[in-house]
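A.B. asks:
Residue numbers (our numbering): 4 to 195.
1. Could you tell me if residue 144 is buried or exposed, where buried requires 16 or more neighbouring beta carbons within 10 angstroms of its beta carbon?
2. My output table needs one value for residue 67: the three-state DSSP class, helix, strand or coil.
3. At the level of alpha carbons, what is the spacing between residue 152 and residue 48?
4. Which stretch, first to last residue, makes up the beta strand (DSSP E) that contains residue 144?
5. In three-state DSSP terms, what is residue 131?
6. Have a look at residue 121 and residue 105 and give me their C-alpha separation to the nearest angstrom.
7. In or out: residue 135 buried (at least 16 other Cβ within 10 Å) or exposed?
8. Quick check: the Cα distance between residue 62 and residue 137, rounded to an integer number of angstroms?
9. Taking 7 Å as the limit between beta carbons, can you name the residues of its chain near residue 102, skipping five residues before and five after?
10. Rounded to a whole number of angstroms, what is the C-alpha to C-alpha distance between residue 158 and residue 166?
11. Just to confirm the assignment, what range does the beta strand (DSSP E) spanning residue 83 have?
12. Name the two residues that bound the continuous beta strand (DSSP E) containing residue 116.
13. Considering just the uninterrupted stretch of the beta strand (DSSP E) at residue 183, what are its terminal residues?
14. Under a Cβ-count criterion, where at least 16 other Cβ atoms within 10 Å of its own Cβ denotes burial, should residue 107 be classed as buried or exposed?
15. Leaving out five residues on either side along the sequence, give the residues of the same chain with a beta carbon under 8 Å from the beta carbon of residue 68.
16. Near residue 156, what residues of its chain come up, given a Cβ to Cβ distance below 7 Å and the 5 sequence neighbours on each side ignored?
17. Go ahead and label residue 91 buried or exposed: buried means 16 or more other beta carbons lie within 10 angstroms of its beta carbon, across all protein chains shown.
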């Protein structure tokens, strides 16, 4: 290994404690809002609570502004997007490597009141998120309505054989997101 990496790690260039009080941050994502503000969204308190922490303007530290959402809710694997001024977050319950029912959360302000809606997955195996766990939601540039739900498909008996799932997020007549399994799909077919 390159010795420069060890020196950089020792100096804290790449690794540092993000929360002074020893609070954990695990199963996390980053989100940049349309105003350029960025947020660190993570499971904390032994996966009991989700937290959203604003990052400093250089994106290197927490600004000190944060919110705890759904304390005691056992949410992990947050994946977030914003559409028409509304924030949507898909999370997973805490069942180790076993897939479980996805959870859909929504708010009109990132630091506002978050509400939980029913499972966004529909159809066969929806109660197990089609065998996956949320990891990220990819907005497709140049559109205002195409988002890809990305999920890890863990294989605990052989982690190197784990896979990924990408499915289009669709919206019902009330503009609420839902996900259904598709064996094949094309971004051109999904544009609204």
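Just so you know, even glycine gets a beta-carbon here, dropped at the ideal spot from N, CA and C. Remember, predicted model here, so these are calculated numbers, not experimental data.
C.D. replies: For this structure:
1. By 1-based counting over the chain shown, the position of residue 144 is 141. Flag for residue 144 reads exposed.
2. Here residue 67 refers to the residue found at position 64 when the chain shown is read from its first residue. Strand at residue 67.
3. Start at 1 with the first residue of the chain shown, and residue 152 comes out as number 149. Start at 1 with the first residue of the chain shown, and residue 48 comes out as number 45. About 26 Å.
4. The sequence position of residue 144 within the chain shown is 141, counting from 1. Looking at the DSSP string, residue 144 is not in any beta strand (DSSP E), and its letter there is neither H nor E.
5. Counted from its first residue, the chain shown places residue 131 at position 128. Three-state DSSP puts residue 131 in a helix.
6. For the purposes of this step, residue 121 is taken as the residue at position 118 of the chain shown. For the purposes of this step, residue 105 is taken as the residue at position 102 of the chain shown. Take the alpha-carbon of residue 121 and the one of residue 105: they are about 9 Å apart.
7. Counting from one through the chain shown, the residue named residue 135 turns up at place 132. Taking all protein chains in view, the Cβ of residue 135 is crowded by 16 or more other Cβ atoms within 10 Å, so the residue is classified as buried.
8. Position 59 of the chain shown, counting from 1, holds the residue named residue 62. Position 134 of the chain shown, counting from 1, holds the residue named residue 137. The straight-line gap from Cα to Cα measures roughly 23 Å.
9. For this step, residue 102 is matched to residue 99 along the chain shown. The residues 131, 132, 134, 135 and 136, in chain order, have a CB closer than 7 Å to that of residue 102 in the same chain once the five nearest residues on each side in sequence are set aside.
10. Against the chain shown, residue 158 aligns to sequence position 155. Against the chain shown, residue 166 aligns to sequence position 163. Inter-residue distance for residue 158 and residue 166 is about 8 Å (C-alpha atoms, whole angstroms).
11. Taking the first residue of the chain shown as position 1, residue 83 is located at position 80. Counting along the chain, the beta strand (DSSP E) containing residue 83 begins and ends at 78 to 86.
12. Taking the first residue of the chain shown as position 1, residue 116 is located at position 113. No beta strand (DSSP E) holds residue 116; DSSP gives it neither H nor E.
13. Numbered from its first residue, the chain shown carries residue 183 at position 180. That run of the beta strand (DSSP E) goes 180 to 183.
14. Along the chain shown, read from residue 1 onward, the residue named residue 107 stands at position 104. So residue 107 counts as buried.
15. If you number the chain shown from 1, residue 68 lands on position 65. Hits under 8 Å: 56, 57 and 114.
16. Mapped onto the chain shown, residue 156 falls at position 153. So the list reads 134, 135, 165, 166, 167 and 168, once near-sequence residues are dropped.
17. Residue 91 sits at position 88 when you count from the first residue of the chain shown. Here residue 91 is buried. Its C-beta has 16 or more other C-beta atoms within 10 Å.
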